[in-house]
Amino acid sequence: MVVVEVGTYNIRSGYIGDVTCTRCVRSLRSAAAPEEVDLFSILYSASRSLDDAATVSALPNGEDGGIGDAVGKAAELEALIPLWSLRQLERHPDAHMDSLRRMKRDVLECTEQDPLCLVLPEVWHERVDVMEALFQLILDTPGLTTALYCVRPSVAWTFSSGAASSIVLDVGHSHTTVTAVLDGYALRHSVDTVPVGGDAVTAQYRELLAKFRPAVETAAPALSQDFARDVYWNDWVSDVKHCLARVLPFRALSGTSAVGTDNTGTSKSTAATAASEARLALDLQAPDGSRVQLDECKAGAPFEIFFRGTSDQKGSVASMIATCKRRMDPEWQLHTVPHLLAGAGSLVPGFRDRVLEELKAQDSSYFRYERDGAMSVAQTTDGAWAGASMAASSSSFEPLWVTRGEWAEEGPSVLHRKLFY
Numbered sequence: 002m003v004v005v006e007v008g009t010y011n012i013r014s015g016y017i018g019d020v021t022c023t024r025c026v027r028s029l030r031s032a033a034a035p036e037e038v039d040l041f042s043i044l045y046s047a048s049r050s051l052d053d054a055a056t057v058s059a060l061p062n063g064e065d066g067g068i069g070d071a072v073g074k075a076a077e078l079e080a081l082i083p084l085w086s087l088r089q090l091e092r093h094p095d096a097h098m099d100s101l102r103r104m105k106r107d108v109l110e111c112t113e114q115d116p117l118c119l120v121l122p123e124v125w126h127e128r129v130d131v132m133e134a135l136f137q138l139i140l141d142t143p144g145l146t147t148a149l150y151c152v153r154p155s156v157a158w159t160f161s162s163g164a165a166s167s168i169v170l171d172v173g174h175s176h177t178t179v180t181a182v183l184d185g186y187a188l189r190h191s192v193d194t195v196p197v198g199g200d201a202v203t204a205q206y207r208e209l210l211a212k213f214r215p216a217v218e219t220a221a222p223a224l225s226q227d228f229a230r231d232v233y234w235n236d237w238v239s240d241v242k243h244c245l246a247r248v249l250p251f252r253a254l255s256g257t258s259a260v261g262t263d264n265t266g267t268s269k270s271t272a273a274t275a276a277s278e279a280r281l282a283l284d285l286q287a288p289d290g291s292r293v294q295l296d297e298c299k300a301g302a303p304f305e306i307f308f309r310g311t312s313d314q315k316g317s318v319a320s321m322i323a324t325c326k327r328r329m330d331p332e333w334q335l336h337t338v339p340h341l342l343a344g345a346g347s348l349v350p351g352f353r354d355r356v357l358e359e360l361k362a363q364d365s366s367y368f369r370y371e372r373d374g375a376m377s378v379a380q381t382t383d384g385a386w387a388g389a390s391m392a393a394s395s396s397s398f399e400p401l402w403v404t405r406g407e408w409a410e411e412g413p414s415v416l417h418r419k420l421f422y
C-alpha cells in the first residue's frame, strides 16, 4: 500500500504505516527520459532532446522548414513537463498517470492491487469537479491501482502533530493555505488560500543573488538549453535561501526596539545575536569560489510578502489565521485550539515569532495562546505525508477506500458518500 504526496515542487512517496517517506523527487518530468528522478539527470535529458531536435530541424526540408521545424517546436513544448498543477494535469494527464505508475511500480515495487493514498493540495478538495475527474482518471488508468483515497494536507498535518483538532497554516511552494480541522475533519467554510509561497520568496532571492548566476551556469556546461540552465539556477538559489533565510522581527518593523524579554527574563536580542553569529559561521560559496553573503535585512526582506496584503486584497498570513479562528463556533473559540505552522516556509527562523506577534496585535486572545504554548511549528517538511500514512494504516480507514468496482457501479456519487462531507 502506497502513500504519495504531490505538489508543484516535490513529490513524496512511501509505504502506508511508515513515519518517513521513502523517496522525495522534484515535480518535473523529462519527456525523453521519464524514468529519471534526479534533477540534473532530468534537466540533462530534456536539454539533450532539444539539441537533437535542433539538429533535425537544421537539415534541409524545403523552403518552409518542413518536418524539422515541427519536430523542434513539438519537442520544445514537452521536453520538460512541470507536474501537479491543475493546468499541467489538464494538459498532460497521461504523463501524470505514468509518473504515478512508475513511482508505485518501479520505485516502491508495489502492484496494481495495492491501494493508493494521495495527499492533494487543499484547494483541489474544494472543487468537486476536479476530484471527480481525478478519481475517474486514476481508477480508469490500467496498471495503476484498484483502490484510491485522497487526504487533505491540513488533516494529515494535524494527525502527524499528535492532535485531532487544530488550525493549520500550510506554507507551500506556490500557495499558503489556512484550514481549521475539528476531530479529524477539515471545516470547509474555514479554508482560505493566497497564491504566495516559497516560489515567490525564491524569485526575490534570484534578484538578490543575480551576480552569481554566470558562475552557477558555468558549473553546469552540459545543460545547453536556456530552460534547463534556468531551472538549475533556480535550484541553486533555493538552496542558498534555505541557508540564509530569516524573518525580520515585528517590533523592528514598527519602528520600535526589537529588544525584549521572554518569560524567563532572557533578552530576546541575545537569542537574535546568537542566531546571527551562527548564520555568519556558514561559509557559503558560489561555484567559482566567491563568497555568498547577505546582511540580515536583505535576507529577511523577501519574507515580508507573507506579512502584507496581496494583489487580490487578501491580508497577511496572520490575518488569515485570525479570520479562520473567528469563523469557528463561538463555544469552540472559548477553548485554546492548537495552532500548527506547517511547510518548509514555517521553519524559517523568526517566522513563528513574527506570526504570533502580529496575531497578538490583532486579537488579544493570542496572548493566552502564547502563554499556553498553543502555537507550534511542524519540525519536518514531510509531516503531511506522515500524517496520511498514519491515517491510512488505521483499521478504521478501511471503509473509506474507493475501489474500481465501486466507481464502475456508483460513479461520482460514491465520493459524496466517502470523501465529501
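In the working numbering, the protein residues as written are 2 to 422.
Think of the CB as a built atom: it goes at the ideal place given N, C-alpha and C, for glycine as much as any other residue.
Quick caveat: nothing in here was measured; it's all calculated off a predicted structure.
Neighbourhood of residue i by C-beta, 7 Å cutoff - its chain only, sequence neighbours within 5 removed
i, result
"T265", "Because T265 carries a pLDDT of 39, less than 50, the predicted location of this residue cannot be relied on, and the following value inherits that uncertainty. Counting only Cβ-Cβ distances below 7 Å, and skipping sequence neighbours, we find nothing."
"F136", "L149, V403, W408 and L416"
"H93", "I82"
"R369", "T337"
"A201", "I306"
"D19", "S390"
"A96", "R30 and I82"
"F228", "L81"
"L111", "For clarity, residue 111 is Cys in the given sequence; the question names Leu instead. Cβ neighbours of C111 beyond the five flanking positions: V3 and K105."
Distance CB(residue i)-CB(residue j) smaller than 8 Å
i, j, result
"V192", "T178", "yes"
"F304", "V349", "yes"
"L420", "C151", "yes"
"L109", "T23", "yes"
"M391", "S161", "yes"
"A33", "S50", "yes"
"S155", "V182", "yes"
"L87", "S28", "no"
"S48", "S225", "yes"
"A157", "D184", "no"
"I1", "A246", "Since the first residue of the chain shown is 2 and the last is 422, residue 1 is not available in this structure."
"Q363", "A302", "no"
"E36", "R103", "yes"
"E113", "G163", "no"
"D236", "L40", "yes"
"P288", "V217", "yes"
"A375", "P339", "yes"
"S347", "V378", "yes"
"V5", "L119", "yes"
"Y367", "A223", "no"
Environment of residue i [buried if 16+ CB atoms lie within 10 Å]
i, result
"P250", "buried"
"K242", "buried"
"T21", "exposed"
"F352", "buried"
"R153", "buried"
"C244", "exposed"
"G344", "buried"
"G406", "exposed"
"Y422", "exposed"
"A75", "Reliability fails at A75, whose pLDDT of 38 lies under 50, so the model's placement of it is uncertain and no value is given."
"K326", "buried"
"A187", "buried"
"L335", "exposed"
"R230", "buried"
"G290", "exposed"
"W333", "exposed"
"S167", "buried"
Inter-residue CB distance, residue i and residue j (contact presumed, cutoff 8 Å)
i, j, result
"V169", "T159", "6 Å"
"S31", "I12", "At roughly 14 Å, the Cβ-Cβ gap does not stay under 8 Å, so S31 and I12 are not in contact."
"V7", "V26", "Rounded, the Cβ-Cβ distance is 11 Å, inconsistent with contact."
"T180", "E123", "6 Å"
Nonlocal neighbours in the same chain, by C-beta distance under 6 Å from residue i, ignoring five residues either side
i, result
"L121", "C151"
"A319", "V356, E359 and L360"
"L210", "V238"
"L117", "V3, T146 and L149"
"P413", "E133"
"L401", "Y150 and K419"
"T142", "M98"
"R207", "V238"
"E411", "none"
"D313", "Residue placement at D313 is poorly supported in this model, since its pLDDT is 47, which falls under 50; the coordinates are not used for a value here."
"A220", "P288"
"V131", "W125"
"V129", "none"
Own chain partners of residue i with C-beta closer than 8 Å, once the 5 adjacent residues on each side are dropped
i, result
"K299", "L209"
"D383", "E6, R13, T21, C22 and C25"
"H190", "R328"
"E127", "R189 and V192"
"S317", "F307, F308, R309, G310 and E359"
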